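Asker: Residue numbers are given in UniProt numbering: position 169 of the sequence shown equals residue 169, and the series is strictly consecutive.
Note that CB positions come from ideal geometry on N, CA and C, so glycine has one too.
These figures come from a predicted structure and were not determined experimentally.
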Amino acid sequence: MLATRALLSKQTLAVLSRQPACFVHHGDYGNWGNTNVAVVFSGCGWWDGTDVHEGVTMYHLSRNGARFQMFAPNQQQMHVFDHMKKQPASGENNMMMEAARFSHGQGMTQMQDLSKLDVNSFDAVIFPGGHGIIKNSSFMKDGKDCKLHGDVERVLKDFHRSRKPILASMAPLLACRVLPGIEVTMGYERDDNTRWGHWPNTNMVQAVKGMGARHNVRDSYEAYVDEKNKVVSTPSFMWETDYHYYYIFDGIGNMVKHVMRMSTK
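1. For Lys135, count neighbouring Cβ atoms within 10 angstroms of its own Cβ and tell me buried if that reaches 16, exposed if not.
2. Near Phe23, what residues of its chain come up, given a Cβ to Cβ distance below 7 Å and the 5 sequence neighbours on each side ignored?
3. Within the same chain, show all residues whose beta-carbon is closer than 6 Å to that of Ala89, passing over the 5 residues directly before and after it, in chain order.
4. Just mark Val259 as buried or exposed, buried being the case when its beta carbon has 16 or more other beta carbons within 10 Å.
5. Using only the alpha-carbon positions, how far apart do Arg261 and Asp250 sit?
6. So if DSSP puts Gly187 in a beta bridge, which residue, or which two residues, is it bridged to?
7. What number of angstroms, rounded off, separates the C-alpha of Lys230 from the C-alpha of Lys85?
8. Classify Glu222 as helix, strand or coil using the three-state DSSP reduction.
9. Which residues in the same chain as Gly45 place their Cβ atom closer than 8 Å to its Cβ, once the five residues preceding and following it in sequence are excluded?
10. Whole angstroms are fine: how far does the CA of Asn36 sit from the CA of Gln69?
11. For Met96, which residues in the same chain have their Cβ closer than 7 Å to its Cβ, ignoring the five residues on either side in sequence?
12. Tell me Ser233's beta-bridge partners as DSSP assigns them.
13. Starting from Arg261 and walking both ways along the beta strand (DSSP E), at which residues does that stretch end?
14. Give every residue of the same chain whose Cβ lies closer than 8 Å to the Cβ of Gly143, excluding the five residues on either side of it in the sequence, and list them in chain order.
15. Nearest CA to the CA of Ile166: which residue from Val217, Phe122 and Tyr247?
16. Taking residue 313 as part of the alpha helix (DSSP H), name the residues at either end of that continuous run.
17. In angstroms with no decimal places, state the Cα-to-Cα distance between Val184 and Thr194.
18. Throw me the rounded Cβ distance for the Tyr186 and Pro235 pair, which I believe falls under 8 Å.
19. In its own chain, which residues sit with a C-beta less than 7 Å from the C-beta of Gly55, not counting the 5 before and 5 after it?
20. If you draw a straight line from the alpha carbon of Gly150 to that of Lys157, how long is it in whole angstroms?
21. In angstroms with no decimal places, state the Cα-to-Cα distance between Met170 and Met238.
22. What are the partner residues of Phe81, as DSSP defines its beta bridges?
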């Protein structure tokens with residue numbers, strides 16, 4: 001018995017000696033910290049800003065060895081939304097101030113004004129989803145002919161022109177407006193209701209098609225890669241579910257892994 005325990009102890013120590021300190025995960029692509037990603041928020045809250053569940057983008061970036069900096073437009077959002085009553089509420093809020101709720105600590109985790117985002121300082125840009133993405137453009141009024149926030153349009157065009165990856169969940173709609181002919185996914189093209197969830201936002205699929213984009217059907221846990229244009233998208237909360245949130249989490253993770261791969265080429 002003692003000999004067996006001693007053997008097991010030696011085997012355990014041998015395994016531990018091969019692990020990084022504290023079992024730190026150093027990412028699946030490239031070297032730690034070599035990829036620097038800009039993350040653009042549109043406030044804080046599913047119905048009027050960036051969905052807090054989609055803020056896990058930063059977890060996936062960290063998990064895959066990337067550095068990141070957070071940005072948001074420094075202007076008033078379309079409206080404040082009462083998430084309990086699911087209707088607009090009184091008052092006004094600044095998108096950058098609201099998005100700062102995602103901030104933690106100092107340095108790279110502090111929210112910055114989107115007007116300061118310089119494409120030359122980053123390897124990729126991500127737009128996490130939430131209705132703030134579309135409400136802070138003129139999509140609610142103009143549909144496929146909508147106009148984007150000036151800095152959002154500038155950033156999308158700058159990264160596309162520089163051949164740097166653009167990631168989006170719900171935000172593919174914005175990219176399709178200013179980058180004609182790209183390929184994206186917004187999920188399913190019809191509302192296939194199952195006991196797992198359903199697709200109530202198929203009107204947005206029709207909108208991206210109307211903008212000249214090619215739409216590709218994908219599940220919420222999948223990502224679609226337009227290799228030519230370096231645009232990566234995932235349906236995320238285009239799909240509504242009561243329990244299977246991890247599908248959305250996995251979809252965002254797959255999207256981030258693709259952008260890491262593309263950024264290290």
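Answerer: So, from the listed chains and residues:
1. Buried is the call here.
2. With a pLDDT of 39 at Phe23, under the threshold of 50, the predicted position of this residue should be treated as unreliable, though the coordinate-derived value follows. Here the set comprises nothing.
3. So the list reads Val80 and Asp82, once near-sequence residues are dropped.
4. Taking all protein chains shown into account, Val259 has 16 or more neighbouring C-beta atoms within 10 Å of its C-beta and is therefore buried.
5. Approximately 17 Å between the Cα atoms of the pair.
6. According to DSSP, which records beta bridges pairwise, Gly187 is partnered with Val217.
7. Distance between the alpha carbons of Lys230 and Lys85: 39 Å.
8. If DSSP states are grouped into helix, strand and coil, Glu222 belongs with coil.
9. Result list for Gly45: Asp51, Val52, Phe81, His83, Glu98, Gly130 and Gly132, in chain order.
10. Cα to Cα, Gln69 sits roughly 8 Å from Asn36.
11. Excluding sequence positions up to five before and after Met96, its CB lies within less than 7 Å of the CB of Ala72, Pro73, Asn74, Met111 and Asp113, all in the same chain and listed in chain order.
12. Note: Ser233 sits in a beta bridge opposite Ala168 and Tyr224.
13. Taken as a continuous stretch (DSSP letters only), Arg261 belongs to no beta strand (DSSP E), being part of the alpha helix (DSSP H) at Tyr245 to Ser263.
14. Cβ within range, chain order: Ala207 and Gly210.
15. Closest by alpha carbon: Phe122.
16. Lying outside 1 to 265, the shown extent of the chain, residue 313 is not represented and no answer is given.
17. Near 24 Å, if we compare the C-alpha coordinates of Thr194 and Val184.
18. Here residue 186 turns out to be Met, not Tyr, going by the sequence shown. Indeed they touch by this definition, with Cβ atoms about 6 Å apart.
19. Correct list, in chain order: Phe102 and Pro128.
20. Distance from the CA of Gly150 to the CA of Lys157, rounded to the nearest whole angstrom, comes to 11 Å.
21. In a straight line, the C-alpha of Met170 is about 7 Å away from that of Met238.
22. As computed with DSSP, Phe81 is found in a beta bridge with Pro88.
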